[in-house]
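Beneath this line is the structure, given in structure tokens, with notes to follow.
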Amino acid sequence: MADSEIFVQTSQLEILKIVLDEYGLQLSTPWNERYTRMFEETVVRLIEKDRIDVILFIYRQNELVRDFFNKPSDNRKNVDMITASKAGRQLFAMLLDEKSLGLWFTNKDLMFILLQKRERKLLEKLLKSSLSLLTQLDDDGNDPLLYVCLKVGDSRHRTIESLLQMGCNLLTRNLNGENFIDAIQLERNRKLLKKLVERKVIKMDHVSGTLV
952 MADSEIFVQT SQLEILKIVL DEYGLQLSTP WNERYTRMFE ETVVRLIEKD RIDVILFIYR
1012 QNELVRDFFN KPSDNRKNVD MITASKAGRQ LFAMLLDEKS LGLWFTNKDL MFILLQKRER
1072 KLLEKLLKSS LSLLTQLDDD GNDPLLYVCL KVGDSRHRTI ESLLQMGCNL LTRNLNGENF
1132 IDAIQLERNR KLLKKLVERK VIKMDHVSGT LV
């Protein structure tokens, strides 16, 4: 092994030791609830200090850390924690670029959480890394397009535009027999429909009042 490689490995181990000492963490044995909570607090503090590099380093080096981000039961909590700041969103985007993506990043629950939180840019990055998520359904049979129309409020037109550009199927029907064309014409989506027509995302026959 070259001297330069030895120096890099030694430096990495020193970084890891500093993090462990500073935050009182152990990364060699399975975590109990106390250590899980401590690591959550550590991630938040590192994000606040803009030390995304340290989080990424630990993520790449340690399986326990990767497992922390891959727990389906903690999806919402982890997303809320990471997307609470600009630096956290940067971390999320960088984790999506990792080659060793865990199940968390291909999990449909994560996609629906990002839809609910209207995290459009992060959603786009997630979907580009796993386009198969576009066909995933929630418990009511809604694909991402129907989910946005029926379960997400406020500004949604850019998200719908992105989903359509990525290839979401307009004709997918949920358990109630509704497809996108049905859902977008509901009273709750009146303003949304108008916005999509104005932006020429979808077309409407103004004589018949139906989508074309």
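For the sequence shown, our numbering assigns the number 952 to the initial residue and increments by one for each residue that follows. Glycine included, C-beta positions come from ideal geometry on N, C-alpha and C.
Cβ pair residue i, residue j closer than 7 angstroms
i     : j     : result
E1149 : S1113 : no
N1125 : D1090 : no
L997  : V1005 : yes
T1110 : R1071 : yes
H1108 : L1147 : yes
S1080 : L1042 : no
M1045 : L1078 : no
Separation of residue j from residue i, as counted between CA atoms
i     : j     : result
N1093 : R1017 : 29 angstroms
F958  : M1062 : In this prediction, F958 scores a pLDDT of 44, lower than 50, which makes its location untrustworthy; the coordinate-derived value is nonetheless stated afterwards. Answer to the nearest angstrom: the Cα atoms are 40 angstroms apart.
I1009 : A1134 : 44 angstroms
Q1067 : R985  : 29 angstroms
R1011 : L1082 : 24 angstroms
L1121 : R1002 : 42 angstroms
K1000 : R1139 : 42 angstroms
L1143 : S1106 : 8 angstroms
R1027 : E992  : 16 angstroms
L1097 : L1084 : 14 angstroms
T987  : K1151 : 48 angstroms
F990  : N1058 : 22 angstroms
V1103 : Q1136 : 15 angstroms
L1101 : G1039 : 28 angstroms
Boundaries (first-last residue) of the alpha helix (DSSP H) holding residue i
i     : result
T1123 : Segment: none, T1123 is in no alpha helix (DSSP H) and carries neither H nor E.
S1080 : 1071-1080
A1044 : 1037-1047
K1059 : 1059-1068
V1030 : 1026-1033
### 4-residue-minimum alpha helix (DSSP H) runs that sit fully inside the segment 991-1018, ordered along the chain
1003-1012
### Message
Threshold first: 4 residues or longer. Then list the alpha helix (DSSP H) segments lying entirely within the segment 1086-1142, N to C.
### Response
1095-1102, 1108-1117, 1131-1135
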